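First to last, the protein sequences are chains D and V.
Letter by letter, the first sequence follows residues 609 to 747 in the numbering used here.
Letter by letter, the second sequence follows residues 609 to 747 in the numbering used here.
Each remark here refers to the structure printed beneath this line.
2 protein chains.
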Amino acid sequence: MPDITEIARRSGLPASTIRFYEEKGLVASIGRRGLRRLFDPGVLERLALIALGRAAGFSLDEIALMFAANGRPRINRRMLAAKADELDRTIRELTAMRDSLRHAAACPAQNHMECPKFRRLLRAAASGAISVRKKKTAI
Amino acid sequence: MPDITEIARRSGLPASTIRFYEEKGLVASIGRRGLRRLFDPGVLERLALIALGRAAGFSLDEIALMFAANGRPRINRRMLAAKADELDRTIRELTAMRDSLRHAAACPAQNHMECPKFRRLLRAAASGAISVRKKKTAI
DNA sequence: GTGCAACTTCAAGTTCACTTGAGGTCAAGG
DNA sequence: CCTTGACCTCAAGTGAACTTGAAGTTGCAC
């Protein structure tokens, strides 16, 4: 029976995160030896699913909803498709932004304010046509 | 001389945000009428630049660095190119994720765990090959 | 001149996903 | 048996970007 340290080692997550996930109901320990949690090795697959969900942009609460009462992941295909569509929109925005950044970086105009492309970009940002992604962090 | 309400209306930002930006040194009011702030209309361009920077993934602190002491935006071309590269990496990851999500949504396997593509995706997420974007919010 | 809506300040609260710290317990090695 | 280090709990802290609330002030219409 792996303990939390073993699960931490094998999943690459800090033990504190695993305890946090347990508190949130995202994973469960299978028992205790004294105070210490013992885990079923299957928790590793669960942690991988959580990492996957996070990478796809789901919040921990959304991920919790996917783990049905029975414990088996109940992944809603409609939810996946919706998230894919959302990613698609994000990708399009980011692509436009990346192109504009590259242009601005290479633009010969003395001042970015004099560059028509930059000003168009500025208007798009000001109008809220582009959404903000929060800073990404490593898993 | 527009007051904060006028700037809020024209920028689409809540007044509290504009005060917050002022506190952060991102924008400046040009004076007061009594207690009330008065703004140069040019602050609208400044706010648009801030929105643009946020949309490109810069933090408010990074954006503050771009506004040089002289007040004119001093946009570092190297910084822009670096951010474009970062966006490029993000776009690649998101694209892979989107494709996998679409596959999972359409996958005929009874259980996602039995789908080789899904399991490959799972391994990628578990290995940390995919990074987490924090939830995006509207500007 | 007076009422009051709208501004002001400052501190504290919010969200998310964790991390950190203090103080406590205990399994295992010597 | 006793030490010790790794685990435990619970509360509080972190960071980013704001928002909200309480309490105070005031420009302006009437």
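For glycine and all other residues, C-beta sits at the position ideal for the given N, C-alpha and C.
Here the structure is a predicted model, which is why all the values come from computation and not from measurement.
Listing by chain order, which chain D residues have their CB less than 7 angstroms from the CB of residue i?
| i | result |
| --- | --- |
| residue 703 (chain V) | 699 |
| residue 692 (chain V) | 706, 709, 710, 713 |
| residue 696 (chain V) | 706 |
Given this structure, state the Cα-to-Cα distance separating residue i from residue j, to the nearest angstrom.
| i | j | result |
| --- | --- | --- |
| residue 614 (chain V) | residue 701 (chain D) | 29 angstroms |
| residue 716 (chain D) | residue 653 (chain V) | 21 angstroms |
| residue 662 (chain D) | residue 734 (chain V) | 11 angstroms |
| residue 666 (chain D) | residue 688 (chain D) | 10 angstroms |
| residue 623 (chain D) | residue 616 (chain D) | 5 angstroms |
| residue 694 (chain V) | residue 658 (chain D) | 24 angstroms |
| residue 690 (chain D) | residue 724 (chain D) | 36 angstroms |
| residue 729 (chain D) | residue 656 (chain V) | 9 angstroms |
| residue 696 (chain V) | residue 621 (chain D) | 27 angstroms |
| residue 686 (chain V) | residue 674 (chain V) | 12 angstroms |
| residue 710 (chain D) | residue 660 (chain V) | 14 angstroms |
| residue 698 (chain V) | residue 736 (chain D) | 21 angstroms |
| residue 731 (chain V) | residue 692 (chain V) | 28 angstroms |
| residue 627 (chain V) | residue 664 (chain V) | 22 angstroms |
| residue 714 (chain D) | residue 722 (chain D) | 14 angstroms |
| residue 625 (chain V) | residue 650 (chain V) | 17 angstroms |
| residue 746 (chain D) | residue 684 (chain D) | Because residue 746 (chain D) carries a pLDDT of 36, less than 50, the predicted location of this residue cannot be relied on, and no value is offered for it. |
| residue 670 (chain D) | residue 703 (chain V) | 21 angstroms |
Quick check on residue i: does DSSP put it in helix, strand or coil?
| i | result |
| --- | --- |
| residue 709 (chain V) | helix |
| residue 648 (chain V) | coil |
| residue 666 (chain V) | coil |
| residue 661 (chain V) | helix |
Beta-carbon within less than 7 angstroms of residue i's beta-carbon, same chain only, minus the 5 sequence neighbours each way: which residues are those?
| i | result |
| --- | --- |
| residue 632 (chain V) | 668, 672 |
| residue 720 (chain V) | 712, 726 |
| residue 639 (chain D) | 646 |
| residue 739 (chain V) | 701 |
| residue 705 (chain V) | 738 |
| residue 618 (chain D) | 652 |
| residue 637 (chain D) | 630, 645, 646, 647 |
| residue 708 (chain V) | 725, 729 |
| residue 718 (chain V) | none |
Can you pull the chain D residues whose beta carbon is under 8 angstroms from the beta carbon of residue i, in chain order?
| i | result |
| --- | --- |
| residue 617 (chain V) | Those do not exist, as residue 617 (chain V) stays about 13 angstroms from chain D at its closest Cβ, beyond 8 angstroms. |
| residue 671 (chain V) | Near residue 671 (chain V) there are no residues of chain D at all, since even the closest Cβ is about 12 angstroms away, more than 8 angstroms. |
Closer than 7 angstroms to a non-hydrogen atom of the ligand MG - does that hold for the CB of residue i?
| i | result |
| --- | --- |
| residue 733 (chain V) | With respect to the ligand MG, the structure offers nothing, as it holds no ligand at all. |
Name the chain D residues that come within less than 9 angstroms of residue i, Cβ to Cβ?
| i | result |
| --- | --- |
| residue 751 (chain V) | The question about residue 751 (chain V) has no answer here: the residues shown for chain V are numbered 609 through 747. |
| residue 685 (chain V) | 712, 713, 714, 715 |
With a CB to CB cut of under 6 angstroms and the five nearest residues on each side skipped, what residues in its chain are close to residue i?
| i | result |
| --- | --- |
| residue 629 (chain D) | 635 |
| residue 609 (chain D) | 646 |
Starting from the beta carbon of residue i, find every residue of chain V whose beta carbon is closer than 8 angstroms, and list them in chain order.
| i | result |
| --- | --- |
| residue 623 (chain D) | Those within 8 angstroms of residue 623 (chain D) in chain V number zero; the least Cβ separation is about 17 angstroms. |
Please list the partners that residue i has in chain V, where partner means a Cβ-to-Cβ separation under 7 angstroms.
| i | result |
| --- | --- |
| residue 589 (chain D) | Outside the modelled stretch of chain D, which goes from 609 to 747, sits residue 589 (chain D), for which no answer is possible. |
Within a Cβ cutoff of 8 angstroms, which residues of the same chain sit near residue i, ignoring the five residues on either side of it in sequence?
| i | result |
| --- | --- |
| residue 611 (chain V) | 641, 644, 645, 646, 647 |
task: Closer than 7 angstroms, Cβ to Cβ, to anything on chain V: give me those residues from the stretch 705-727 of chain D, in chain order.
output: Listed by position, the residues of the stretch 705-727 of chain D near chain V (Cβ gap below 7 angstroms) are 705, 706, 709, 710, 712, 713, 720.
- request: Give, in chain order, every residue of the stretch 635-661 of chain V whose Cβ lies closer than 9 angstroms to some Cβ of chain D.
  value: The stretch 635-661 of chain V vs chain D, Cβ under 9 angstroms: 652, 653, 655, 656, 657, 658, 659, 660, 661.
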